Amino acid sequence: MPIRKLSAQRLWLLAAYAAAAAALFCAPLVLSDFRLNLLAKFLAYAIVALGLDLIWGYTGILSLGHGVFFGLGGYAMAMYLKLDASGGKLPDFMDWSGLTKLPWFWKPFASLPFAIAAGILVPAMLALILGYVTFRNRIRGVYFTILTQALVIITTTLFIGQQAYTGGTNGLTGYSKLFGYSLGSPETKKWLYWVTVMLLIGAYLLCRVLVKSRFGKVLRAIRDGENRVRFIGYDPALYQMVAFGFSAGLAGLAGMLFVLHVGIISPSMMGIVPSIEMVLWVAIGGRGTLVGAVLGAVLLNYAKSTFSESYPNIWIVFMGALFVVVVVFLPKGAAGLFGQFKWLRRRKAADEGADGVRYPAV
Amino acid sequence: MDVIVLQLFNGISVSSILLLIALGLSITFGLMKVINMAHGELIMIGAYTAYVVQNLFADYLPDSMFGWYFALAIPVSFIVAFVFGLVLEMGLIRFLYGRPLDSLLATWGVGLMLQQLARSIFGAPNVGVKSPAWLDGGMTVGDNVFPYKRLFIIGLVLICLLAMYVYIYKSHSGRRMRAVMQNREMAACLGISTRRVDAMTFAIGSGIAGIAGCALTLIGPIGPAIGTYYIVDAFMVVVLGGVGKLVGTVFGALGIGLSNTLFEYWTTASLGKVLVFACIVAFLQWKPSGFVALRSRSLDN
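Next comes the structure, spelled out in structure tokens:
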């Protein structure tokens with residue numbers, strides 16, 4: 001491919017990205033408050049999808065435990081808001097469960113910087129620890145996936161069981177103010193939306209840098225042949241751990257934003273079904289392409305909220321069918337479909353493989 | 001002393017159910033490297049089959065015969081789930097060999113659809129299956145009462161285990177199955193139809209799930225989501241026990257069932273689960289491929 005053509009293509013691509021970013025920033029001007037809030041929620045989901053794509057699409061490790069990391073981030077933020085709302089007194093649900101003193105691990109969450117740091121670092125640390133004990137022993141593939149799924153089960157049971165500390169099934173809710181601004185007011189919602197857009201763009205750029213770097217190349221090499229990478233002299237476990245931890249941190253960040261937009265976090269938002277839905281976003285958007293993950297998260301959630309309002313039953317069947325169809329017929333997701341069209345236009349590049357992206361073999 | 005005996009009995013009872021569920025999983029996973037997340041829904045199919053058989057007995061046969069519906073429900077559940085499994089294998093699973101994670105996602109989608117199907121047919125609320133009168137009550141040993149239902153399930157599991165053992169290790173088709181499991185290419189070279197072995201194995205695994213569902217109707221009400229409660233635990237059994245040998249699955253089921261009961265007795269139910277998980281992860285540090293693993297010289301196994 002001649003260099004001039006490549007640069008023209010890049011320019012178009014850059015223009016498209018800039019237009020998309022501009023559109024996102026201007027969305028509050030056209031959308032109603034309700035739709036804006038919905039979009040903000042989807043953009044928070046897109047941040048999870050980015051992290052999940054990094055670990056699944058690029059490293060070839062399927063985690064069904066991202067609901068937990070998302071939830072931990074959400075709980076960290078909700079704990080701060082709850083303490084803030086109860087104004088130095090014991091949060092109401094603790095009162096009901098018979099606690100008289102604030103538990104020690106709640107105390108630091110009175111400070112916002114600590115809560116934000118914890119919302120990202122706690123999920124990342126949990127992922128690092130789980131990654132350390134699994135990847136180091138070369139527990140991978142389906143074994144790892146099953147372990148992450150078990151992590152989801154025990155976390156949700158724990159959160160439901162320890163009602164006095166976590167609010168049980170109801171989760172944490174009943175807070176309305178951040179820095180004294182009402183979370184429900186359109187003005188605050190707009191600002192929160194912009195913050196989410198900024199963070200999404202930041203996360204996207206960060207992931208892009210990672211993917212294009214040497215680190216990203218090693219990740220893809222691990223996906224395509226872990227043992228070969230090991231023989232060359234790399235330590236795949238280290239790379240897998242870092243990628244997993246980073247992706248968990250992104251999920252935590254998304255969880256914090258989710259709480260700000262939605263105003264509730266509960267165990268049902270970190271269970272098995274949400275965790276698998278997150279995987280579906282990446283699968284449908286196209287694993288191994290960052291844009292695909294973002295688009296998948298936003299579009300699928302849009303479809304879900306449109307469908308499931310009127311036909312909740314059909315949505316479930318539709319989601320199941322989508323899984324089957326995407327996995328069997330479109331392993332590269334929507335982004336792969338787009339790539340195929342391009343491939344149709346430029347047959348010459350055919351024997352290179354459509355776009356150089358291989359879906360994980362295992 | 002009595003408490004220990006009772007806890008032990010409870011643990012073995014939980015283990016036997018886990019074993020029944022994991023038995024089917026471990027052979028499909030071990031042989032075909034397919035993660036069947038719809039296994040829970042095959043359990044559900046078995047449970048609803050028992051429900052249907054019960055209703056047919058209640059409607060068309062004299063009351064005196066009702067007690068024996070369960071004896072018929074077990075084989076019927078097996079057959080219905082077997083046929084479902086065969087259809088699933090031929091329609092979907094065979095496109096996914098060699099892609100275990102993809103099979104996990106696709107079968108999860110199938111599971112969702114089956115759950116919704118059950119909801120449309122039988123309604124979302126749980127339905128009860130009236131267990132036969134001859135399973136009421138319990139056996140009294142000293143001061144302890146062992147319910148007949150639980151004893152019956154333990155006996156059923158032992159029979160299934162024995163049948164699986166005879167099938168896998170003593171029959172011709174079981175030998176072909178082991179050959180495919182250990183070296184697929186070599187087995188194919190020697191004239192074994194691996195396609196047929198795969199389909200058969202998957203169907204048998206599904207059939208056992210059907211029996212498991214039938215047994216679960218003795219313990220509690222059944223609903224569309226009955227399988228999801230057990231499925232992850234069953235997978236943990238497979239991971240802990242190692243893939244490809246019956247003894248591994250038995251060990252995994254006993255390990256998880258007993259430790260689960262003990263930890264829940266010592267702490268609370270939710271903390272017990274955390275401790276079990278921590279123990280499993282700790283165990284995998286020692287034996288990363290489970291208690292029993294088929295030895296292989298293949299690098300990427």
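For the protein sequence lines, the chains are A and B, in the order given.
Start counting the first sequence at 1; every next residue gets the next number (the working numbering).
Start counting the second sequence at 1; every next residue gets the next number (the working numbering).
The beta carbon of each residue, even a glycine, is placed where N, CA and C say it ideally should be.
Computed from a prediction, not measured in an experiment: that's the story for all the values here.
Item	Value
Contacts that residue 288 of chain B makes with chain A (C-beta to C-beta distance below 7 Å)	137, 138 and 139
Given residue 218 of chain B as reference, the closest of B:28, B:150 and B:20 once Cα atoms are compared	B:150
Cutoff 8 Å: residue 108 of chain B Cβ touching any chain A Cβ	yes
Expected contact under 8 Å - CB spacing of residue 144 of chain B and residue 8 of chain B to nearest Å	Not quite, the Cβ-Cβ distance comes to about 10 Å (not below 8 Å), so this is no contact.
Cutoff 6 Å; reference residue 208 of chain B; Cβ partners in own chain excluding five residues on either side	23 and 24
Short Cβ contact (8 Å threshold) for residue 58 of chain A with residue 230 of chain A	no
Whole-angstrom distance between residue 13 of chain A and residue 286 of chain B, CA atom to CA atom	50 Å
Start-end ranges of the beta strand (DSSP E) lying completely within the region 29 to 73 of chain B, minimum 3 residues	none
As assigned by DSSP and simplified to three states, the class of residue 131 of chain B	coil
Close beta carbons around residue 3 of chain B, own chain, < 7 Å, minus the five adjacent residues each side	none
Cutoff 8 Å: residue 2 of chain B Cβ touching any chain A Cβ	no
CA-to-CA distance, residue 101 of chain A to residue 356 of chain A, given in whole angstroms	Its pLDDT being 45, under 50, residue 356 of chain A is placed unreliably by the model, and the measurement read from it follows with that caveat. Approximately 58 Å, taken between the alpha carbons.
Stretch-stretch touch, CB-based, cutoff 8 Å, three pairs: the region 227 to 247 of chain B with the region 139 to 155 of chain A	yes
Per-residue contacts from residue 240 of chain A into chain B (C-beta, under 7 Å)	Correct list: empty, because the minimum Cβ distance to chain B is about 15 Å.
Residues that residue 305 of chain A bridges to, as DSSP identifies them	Beta-bridge pairing links residue 305 of chain A to no other residue.
As assigned by DSSP and simplified to three states, the class of residue 111 of chain A	coil
Listed by chain order, chain A residues near residue 273 of chain B by CB distance under 8 Å	153, 154, 157 and 158
CA nearest to the CA of residue 315 of chain A, picked from B:109, B:278, B:180 and B:265	B:109
Residue from B:284, B:36, B:106 and B:100 whose Cα sits closest to the Cα of residue 141 of chain A	B:100
Closer than 7 Å at the beta carbon, the chain B residues around residue 143 of chain A	239
Pairwise C-alpha distance: residue 321 of chain A and residue 115 of chain B	13 Å
Counted within 10 angstroms of its Cβ, other Cβ atoms place residue 107 of chain A as buried (16 or more) or exposed	exposed
Check whether residue 46 of chain B and residue 77 of chain B have beta carbons under 8 Å apart	yes
Beta-carbon gap between residue 204 of chain B and residue 127 of chain B smaller than 8 Å	no
Buried versus exposed call for residue 83 of chain A [16 or more other C-beta atoms within 10 Å across all chains shown]	buried
Straight-line Cα distance separating residue 205 of chain A from residue 35 of chain B	35 Å
Beta-carbon proximity of residue 67 of chain A to residue 253 of chain A, cut-off 8 Å	no
Chain A within 8 Å of residue 270 of chain B, Cβ atoms only	yes
Buried or exposed (CB count within 10 angstroms, at least 16 for buried), residue 92 of chain A	exposed
Min CB distance residue 274 of chain A to chain B below 8 Å	no
Span separating the alpha-carbon of residue 157 of chain A from that of residue 171 of chain B	43 Å
Residue 200 of chain A (DSSP reduced to helix, strand or coil)	helix
Cβ-based burial, residue 37 of chain A [other Cβ within 10 Å; buried from 16]	buried
Bounding residues of the beta strand (DSSP E) (the contiguous stretch that carries residue 228 of chain B)	It is not in any beta strand (DSSP E) - residue 228 of chain B instead sits in the alpha helix (DSSP H) that spans 226 to 241.
Contacts that residue 17 of chain B makes with chain A (C-beta to C-beta distance below 7 Å)	Residues of chain A passing the Cβ test: none, with the nearest at roughly 17 Å.
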